[in-house]
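Scroll down for the structure; my scribbles are underneath it.
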Amino acid sequence: MGFKDQIDLSRLPEHIAIIMDGNGRWAKGKGKLRVFGHRNGVVSVRDVVEGAGEIGVKYVTLYTFSSENWSRPRLEVSAIMELMISTIHKEINNFMKNNVRLNAIGELNMLPEKCYRELTSAMERTSQNTGLVLTLALSYSSRREIVSAVKNIASKVLSGELNIDQINEETIENNLYTSAMPDPELMIRTSGEYRISNYLLWQIAYAELYFTAKLWPDFRREDFFEAIVDFQKRERRFGMTSEQLN
Ligand code: IPE
Ligand code: IPE
Ligand code: MG
């Protein structure tokens, strides 16, 4: 029996976040340049997105490029940006066919003009789709996202639109890039690294974390289903005791 058949579709995580890591090491292991790994990582993205749509996951959020990644060698950064442009361009027909709505979070204004245009035009074209919401975290830093939320809130307080006593968790949530989404219930990281790397820090407060040694270009929908099966075996206690839940 495959992992897909073991999934209880009535208890699917609504939102799954993925840290797609290990492209560079995958390429190096094959004696190729890092870019080769990024290119093959796109195959994994396509497969996982299709798999998510197949079982009816509502939100998938992919860590595609972090704010910290701007510090990589210039050639790698430009290769990733080029890859993004060509991939979004090529995938748009698949998104339309599969009813996928493309979304993005991060400091998008930092992206090269052409990448920004390709992205926003694809977001526009898919905006009426009602299936999977595929969010790309691009030039994304969770701490910067929180800083920007704090600034928004502070300016509302200054203008008298908001009272300090009214600030609560919901106020913060409403000012994050992810305000239109539920929090991820499951966070997957590939490549055997056990860290969060500045991803969705507020939003994963109670997410289940799943780590796999597989490098991202080797990750397929079957691995994604396996993570969901693992997720469904866990008891999410939210601070309560096991007895209280049963
Ligand atoms: C993830 O793979 C892709 C990006 C961060 C853009 P890496 O490029 O980080 O691959 P490793 O971790 O060096 O193997
Ligand atoms: C995290 O991977 C960012 C993305 C997957 C886009 P990194 O490879 O940049 O993370 P660190 O530097 O190893 O923590
Ligand atoms: Mg990495």
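Residue numbering for the sequence shown follows my numbering, starting at 6 and increasing by one per position.
The beta carbon of each residue, even a glycine, is placed where N, CA and C say it ideally should be.
Roughly how many angstroms lie between the CA atoms of residue i and residue j, to the nearest whole one?
i: residue 145; j: residue 151; result: 11 Å
i: residue 96; j: residue 128; result: 12 Å
i: residue 94; j: residue 126; result: 10 Å
i: residue 163; j: residue 123; result: 37 Å
i: residue 5; j: residue 229; result: Outside the shown range of the chain, which is 6 to 251, sits residue 5, and nothing can be said about it.
i: residue 68; j: residue 36; result: 25 Å
i: residue 110; j: residue 31; result: 26 Å
i: residue 142; j: residue 74; result: 12 Å
i: residue 242; j: residue 51; result: 33 Å
i: residue 153; j: residue 7; result: 43 Å
i: residue 226; j: residue 49; result: 8 Å
i: residue 71; j: residue 112; result: 10 Å
i: residue 116; j: residue 58; result: 28 Å
i: residue 64; j: residue 166; result: 32 Å
If you reduce the DSSP assignment to three classes, tell me which class residue i lands in.
i: residue 108; result: strand
i: residue 205; result: coil
i: residue 113; result: helix
i: residue 137; result: coil
i: residue 1; result: The structure shown does not extend to residue 1, since the chain is modelled only from 6 to 251, so the question has no answer here.
i: residue 89; result: helix
i: residue 123; result: helix
i: residue 79; result: helix
i: residue 251; result: coil
i: residue 27; result: coil
Can you tell me which residues form a DSSP beta bridge with residue i?
i: residue 20; result: 64
i: residue 71; result: 145
task: Say whether the region 171-184 touches the region 197-210, bearing in mind that this needs 3 or more beta-carbon pairs closer than 8 Å, one atom from each stretch.
output: yes
- prompt: Would you call the region 16-35 and the region 190-198 touching, i.e. three or more CB-CB distances under 8 Å?
  reply: yes
- prompt: Touching or not, the region 126-135 and the region 45-59, by the rule of three or more beta carbon pairs under 8 Å?
  reply: no
field: Start-end ranges of the beta strand (DSSP E) lying completely within the region 168-227, minimum 3 residues
entry: 191-194, 213-216
- prompt: Does the pairing of the region 6-17 with the region 230-240 give three or more beta-carbon distances under 8 Å?
  reply: yes
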